[in-house]
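See below for the structure under consideration.
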Amino acid sequence: MYRVIELLAVVSSAFYGVLLARRHHMDFVGVFCLALVVAFGGGTLRDLFLDRHPLFWIREEHYPVIVFVIALISSVLKTVPVYLERYLSIPDALGLGLFSVAGTSAAIDEGTSWFVASLLGTVTGTFGGVMGDVICNRVPSLFRPAPLFATCSFVGSWIYILMRSVPSIEAFAAPVAIAFIVAFRLISIRFHLYLPHVGDEVSDLGQID
Amino acid sequence: MYRVIELLAVVSSAFYGVLLARRHHMDFVGVFCLALVVAFGGGTLRDLFLDRHPLFWIREEHYPVIVFVIALISSVLKTVPVYLERYLSIPDALGLGLFSVAGTSAAIDEGTSWFVASLLGTVTGTFGGVMGDVICNRVPSLFRPAPLFATCSFVGSWIYILMRSVPSIEAFAAPVAIAFIVAFRLISIRFHLYLPHVGDEVSDLGQID
Amino acid sequence: MYRVIELLAVVSSAFYGVLLARRHHMDFVGVFCLALVVAFGGGTLRDLFLDRHPLFWIREEHYPVIVFVIALISSVLKTVPVYLERYLSIPDALGLGLFSVAGTSAAIDEGTSWFVASLLGTVTGTFGGVMGDVICNRVPSLFRPAPLFATCSFVGSWIYILMRSVPSIEAFAAPVAIAFIVAFRLISIRFHLYLPHVGDEVSDLGQID
Chain U
1 MYRVIELLAV VSSAFYGVLL ARRHHMDFVG VFCLALVVAF GGGTLRDLFL
51 DRHPLFWIRE EHYPVIVFVI ALISSVLKTV PVYLERYLSI PDALGLGLFS
101 VAGTSAAIDE GTSWFVASLL GTVTGTFGGV MGDVICNRVP SLFRPAPLFA
151 TCSFVGSWIY ILMRSVPSIE AFAAPVAIAF IVAFRLISIR FHLYLPHVGD
201 EVSDLGQID
Chain F
1 MYRVIELLAV VSSAFYGVLL ARRHHMDFVG VFCLALVVAF GGGTLRDLFL
51 DRHPLFWIRE EHYPVIVFVI ALISSVLKTV PVYLERYLSI PDALGLGLFS
101 VAGTSAAIDE GTSWFVASLL GTVTGTFGGV MGDVICNRVP SLFRPAPLFA
151 TCSFVGSWIY ILMRSVPSIE AFAAPVAIAF IVAFRLISIR FHLYLPHVGD
201 EVSDLGQID
Chain B
1 MYRVIELLAV VSSAFYGVLL ARRHHMDFVG VFCLALVVAF GGGTLRDLFL
51 DRHPLFWIRE EHYPVIVFVI ALISSVLKTV PVYLERYLSI PDALGLGLFS
101 VAGTSAAIDE GTSWFVASLL GTVTGTFGGV MGDVICNRVP SLFRPAPLFA
151 TCSFVGSWIY ILMRSVPSIE AFAAPVAIAF IVAFRLISIR FHLYLPHVGD
201 EVSDLGQID
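So this is what it looks like as structure tokens:
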């Protein structure tokens, strides 16, 4: 079950990377690299921060091959990702849920504090997209007012952490947290829930080092 | 004493991150993430390059909480960071001094060459801001003509390295180097000391891979 | 022989970094940092991904010094890098060949799959330039239609992997793969070989997280 969700998460992230690359008129190298970055970026940061080796995409060696095939199909059959785009929000929300809980769980296993674990869960779920945006010269959409994404991941990570600390309900921690994140994300998209931007009544900074 | 300076360094870096995020109209997620990146980015790079684990902000687990509180206060009381901005140059210079010397010291302890140690000291002191700028789509101000910042860190790192290698004055290496960096930085701001930019009499490069 | 090629690779990458920094009107700090990033970025990523420590530029401690001297000379004698630019394509192609094969070889030694090894070879050969572009706010030229670069590296990495797996020709794997990459790269420049960009018949994505 988890394997299927994780696979869906990798596939849907890779398609987001492909779509992002296309918007910036990249060639196949760019499409493939962006698909890799969006699909594996968050998990790679988590593994590096926690010193977990081999990295998950080096260990699960079929994942990069899957991303390669997705990039190839998308470059040959150019309408495939456009057609799939409308169906991406559900696997994408599933991926957010699974990656967030997996990241939080890995961090707790390595003995970090709860707060750090919730941050690493959120990084795992969301930073692939942040890196893709930075490479494409976009201010990350994650950091701008838009339907809640990191917030779903962060709150869900805390649900997982708290439930996991209570022995009697520990076993339900992961499925409940994943279901919460998926539902919260889909509701945010449906009802346009977002955080307001933080004022711009700021003097010019001159130099920020 | 050092704990207090380090805390001031984290706090002032976090406020820089908050101000940077605001200028780009980010929401709370962006404010918090940029505060984290600016406060912890340089030290994280150093720890990854030197394979030091757990990373300093995972070990000192109250630091991310402090940054979270700063981001929260800044988002609710929107004028706080603007008001504090004018007072940031002194803790910022203190942070540059402490982070630079701490980074250099860590590198030497890991057995790197002196030159590499001075580079890692400078990275620790300055690269949080570089990463913040890159995320916000700004060419890093560190790399442009502006009051000396990396230069103070680099020269101070060498003062620390050289003094540390002389047994009779070894004990004074850290305080002298930190004081030098702080003074050099404040003087650079006060008297507008900067490095000239390096000519633009360059033909168009075509492709740079 | 390999030492000479590796040195040429570091030197030519550093000059690319210098030229890139100049186009963006950076000061000496920027010139030096970009030269470091372009020369060491790809290899650093590979070493971090594979958990190889000390990083190659920390172990080969004269490399950062060489980059420093190049940045210094380029800043004092401003016409040197412009003059050298026309001669850079050959050492640059040599560097691509050597870094790619060295990266692939290191990955296989660490026990990765062949596909991951070919990716890490390509990352080693090409991602210094990608990082330099991202820092300078350019969409990486590697990802755009331009004379083949990553493709040469990727194909050459596979030649190395396949030849290495056949005992009787194992000894020739590295020189043949390097020669192939160099020749393929120079031919791509000469005959303007490139991959087409992947269509932009894509609807606006709204938010990509």
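Just so you know, the sequences run in chain order U, F and B. 1 is the number of the first residue of the first sequence in full-length UniProt numbering; add one for each residue after it. 1 is the number of the first residue of the second sequence in full-length UniProt numbering; add one for each residue after it. 1 is the number of the first residue of the third sequence in full-length UniProt numbering; add one for each residue after it. C-beta atoms are modelled at their ideal positions from N, C-alpha and C, and glycine is treated no differently.
Cutoff 8 Å: residue i Cβ touching any chain B Cβ
| i | result |
| --- | --- |
| U/H24 | yes |
| U/F56 | no |
| F/L19 | no |
| F/V38 | no |
| F/L195 | yes |
| F/Y16 | no |
Residue i at chain U interface by Cβ criterion, 8 Å
| i | result |
| --- | --- |
| F/V134 | yes |
| F/S75 | yes |
| F/L84 | no |
| B/V10 | no |
| B/P175 | no |
Proximity test, Cβ basis, 8 Å: residue i and chain F
| i | result |
| --- | --- |
| U/T44 | no |
| U/R144 | yes |
| B/V29 | yes |
| U/V198 | yes |
| U/F49 | yes |
| U/P147 | no |
| U/A150 | yes |
| B/E6 | no |
| B/E61 | yes |
| B/H192 | no |
| U/Y167 | Correcting the residue identity first, residue 167 of chain U is Pro in this sequence and not Tyr. Not closer than 8 Å to any Cβ of chain F, the Cβ of U/P167 fails to qualify, so no. |
| U/R164 | no |
| U/V139 | yes |
Residue i, DSSP secondary structure in three states
| i | result |
| --- | --- |
| U/D27 | strand |
| F/H62 | helix |
| U/L205 | Only weak support exists for where U/L205 lies, its pLDDT of 41 falling under 50; the value from the coordinates is given anyway. Here U/L205 sits in coil by DSSP. |
Beta-carbon separation (whole angstroms), residue i vs residue j, contact threshold 8 Å
| i | j | result |
| --- | --- | --- |
| U/L96 | U/F149 | 7 Å |
| B/T126 | B/A117 | Actually they do not touch by this definition, with Cβ atoms about 15 Å apart. |
| U/G132 | U/L45 | Not quite, the Cβ-Cβ distance comes to about 13 Å (not below 8 Å), so this is no contact. |
| B/V198 | U/S75 | 5 Å |
| F/L162 | U/L48 | Rounded, the Cβ-Cβ distance is 33 Å, inconsistent with contact. |
| B/G41 | B/V101 | Their Cβ separation, rounded to whole angstroms, is 18 Å, which puts B/G41 and B/V101 out of contact at 8 Å. |
| residue 214 of chain F | F/V176 | Since the displayed chain F opens at 1 and closes at 209, residue 214 of chain F lies outside it and no answer follows. |
| F/R144 | B/H25 | 7 Å |
| B/I178 | F/V134 | The pair is not a contact, with the Cβ atoms about 33 Å apart (cut-off 8 Å). |
| U/Y160 | U/A171 | Incorrect: roughly 12 Å between the Cβ atoms, too far for contact. |
| F/L119 | F/V130 | With a Cβ gap of about 13 Å, F/L119 and F/V130 do not count as contacting. |
| B/P196 | U/D27 | 6 Å |
| F/F68 | F/F32 | 6 Å |
| F/V29 | U/T151 | 7 Å |
Beta-ladder partner(s) of residue i, from DSSP
| i | result |
| --- | --- |
| F/H192 | According to DSSP, which records beta bridges pairwise, F/H192 is partnered with nothing at all. |
| F/H53 | According to DSSP, F/H53 bridges with nothing at all. |
Beta-carbon neighbours of residue i, restricted to chain C and to distances below 9 Å
| i | result |
| --- | --- |
| F/P64 | No chain C is part of this structure, whose protein chains are labelled U, F and B. |
_Below 8 Å, how does it come out for the stretch 181-197 of chain F and the stretch 59-73 of chain B: are there three or more Cβ pairs, yes or no?_
no
*Could you say if the stretch 112-120 of chain U and the stretch 12-28 of chain U meet the contact criterion of at least three C-beta pairs nearer than 8 Å?*
no
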